[in-house]
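Chemist:
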Amino acid sequence: MIAPNMGMKSTAKQPAGPAGLASVLFTPVQQRVLALLFGQPQRRFQSAELIRLADSGTGSVHRLLTRLAAAGLVRALRIGNQKHYQANADSPIFAELVGLVRKTVGLVEPLRSALAPLSGKIMSAFVYGSVAKRTDHADSDIDLMVIADDLEYGELYAALPAAEEALARTISPNLMNYAEWKRKCAEPDSFAARIAAQPRLFVLGSSDGLG
Numbered sequence: 013m014i015a016p017n018m019g020m021k022s023t024a025k026q027p028a029g030p031a032g033l034a035s036v037l038f039t040p041v042q043q044r045v046l047a048l049l050f051g052q053p054q055r056r057f058q059s060a061e062l063i064r065l066a067d068s069g070t071g072s073v074h075r076l077l078t079r080l081a082a083a084g085l086v087r088a089l090r091i092g093n094q095k096h097y098q099a100n101a102d103s104p105i106f107a108e109l110v111g112l113v114r115k116t117v118g119l120v121e122p123l124r125s126a127l128a129p130l131s132g133k134i135m136s137a138f139v140y141g142s143v144a145k146r147t148d149h150a151d152s153d154i155d156l157m158v159i160a161d162d163l164e165y166g167e168l169y170a171a172l173p174a175a176e177e178a179l180a181r182t183i184s185p186n187l188m189n190y191a192e193w194k195r196k197c198a199e200p201d202s203f204a205a206r207i208a209a210q211p212r213l214f215v216l217g218s219s220d221g222l223g
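Per our numbering, residue 13 is the first one in the sequence shown, and the count goes up by one each step.
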């Protein structure tokens with residue numbers, strides 16, 4: 013099993029944010045590997061690819077993958093000379109792990125970090141579409157809606173490459189100002205109204221006042 017990162021003394025003050033929660037539960041290597049495997053559960057990764065994307069030592073990643081496979085959390089498959097790993101959808105805690113990872117290190121946190129320099133201009137930012145509904149495929153884009161009154165597309169696009177690299181996925185952003193979002197949400201069967209009625213993963217802000 014994965015050994016939680018419990019090597020610290022208990023204190024009264026607890027981490028408040030998702031990144032703090034992840035750091036309590038998992039070591040940095042565990043966070044990066046789990047973010048890949050359970051952030052993209054439909055995707056099969058080569059071991060060498062996981063080591064490169066996790067930016068971690070070969071030995072530590074291999075040891076973690078061995079433990080994950082032994083616990084039944086991931087599937088290991090050898091194709092030719094390469095070993096491939098994928099999150100095991102048959103694991104009894106698969107859904108919980110996917111949800112936890114996506115809310116912490118696997119999706120929301122890399123996006124939040126990328127958008128942090130623009131957070132003063134952003135009213136709300138959330139992931140919608142297949143990723144939020146957990147119906148995405150390995151090659152699905154991450155659909156990102158940003159509500160901001162004083163932000164240009166150029167600024168938004170420039171902020172996203174780091175998150176795309178960390179997530180190993182393409183991010184497709186949409187940008188609306190608040191008045192435009194509210195107007196379109198009020199239109200029956202509009203794009204915005206459909207999004208507002210579907211599952212969303214909030215990166216910045218919340219649904220309060222958005223609809």
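Beta carbons: idealized from backbone N, C-alpha and C, even for Gly.
In this text, all values refer to a predicted model and were calculated from it rather than measured experimentally.
Please classify S219: is it buried, with 16 or more other beta-carbons within 10 angstroms of its beta-carbon, or exposed?
Modeler: For the purposes of this step, residue 219 is taken as residue 207 along the sequence shown, with counting starting at 1. Exposed: under 16 other Cβ atoms inside 10 Å.
Chemist: When you compare the CB positions of L179 and K133, do they come within less than 8 Å of one another, or not?
Modeler: The residue given as residue 179 occupies position 167 in the sequence shown. The residue given as residue 133 occupies position 121 in the sequence shown. No, they are not a contact pair.
Chemist: Can you tell me the Cβ-Cβ gap for K196 and A205, rounded? I've got them flagged as a contact below 8 Å.
Modeler: As a first step, residue 196 is located in the sequence shown; it is residue number 184 there, counting from the start. As a first step, residue 205 is located in the sequence shown; it is residue number 193 there, counting from the start. Confirmed, Cβ separation roughly 7 Å.
Chemist: Would you mind sorting P53 into buried or exposed? The rule is 16 or more other CB atoms within 10 Å of its CB.
Modeler: Position 41 of the sequence shown, counting from 1, holds the residue named residue 53. Per the 10 Å Cβ criterion, buried.
Chemist: Quick one: Cα of G69 to Cα of S125, how far?
Modeler: Translated into positions along the sequence shown, residue 69 becomes position 57. Translated into positions along the sequence shown, residue 125 becomes position 113. Cα to Cα, G69 sits roughly 24 Å from S125.
Chemist: Nearest to I105 by alpha carbon, out of E177, H74, L80?
Modeler: Within the sequence shown, numbered from 1, the residue matching residue 105 stands at position 93. Of the candidates E177, H74, L80, the one whose C-alpha sits nearest the C-alpha of I105 is L80.
Chemist: Can you give the beta carbon distance from L62 to V45, rounded, assuming they're within the 8 Å contact cut?
Modeler: Position 50 of the sequence shown, counted from the start, is the residue given in the question as residue 62. Position 33 of the sequence shown, counted from the start, is the residue given in the question as residue 45. Contact holds; Cβ gap of about 6 Å.
Chemist: Along the beta strand (DSSP E) that carries H96, what are the first and last residues, could you check?
Modeler: Along the sequence shown, one-based indexing puts residue 96 at 84. 94 to 99 is the span of the beta strand (DSSP E), which, as asked, contains H96.
Chemist: Is the stretch 112 to 129 in contact with the stretch 206 to 215, if contact means three or more CB pairs nearer than 8 Å?
Modeler: Result yes; three or more Cβ-Cβ pairs closer than 8 Å.
Chemist: If we count the other Cβ atoms within 10 Å of its Cβ and call it buried at 16 or more, is I159 buried or exposed?
Modeler: Sequence index remark: in the sequence shown, residue 159 carries index 147 (1-based). So I159 ends up on the buried side.
Chemist: Our contact map puts V41 next to A66 with C-beta atoms below 8 Å; I'd like the distance itself, whole angstroms only.
Modeler: Within the sequence shown, residue 41 is the residue found at index 29, counting from 1. Within the sequence shown, residue 66 is the residue found at index 54, counting from 1. Indeed, because the Cβ distance is near 7 Å, the residues count as touching under 8 Å.
Chemist: Once DSSP output is grouped into helix, strand and coil, what is the label at V117?
Modeler: For the purposes of this step, residue 117 is taken as the residue at position 105 of the sequence shown. It is coil, neither helix nor strand.
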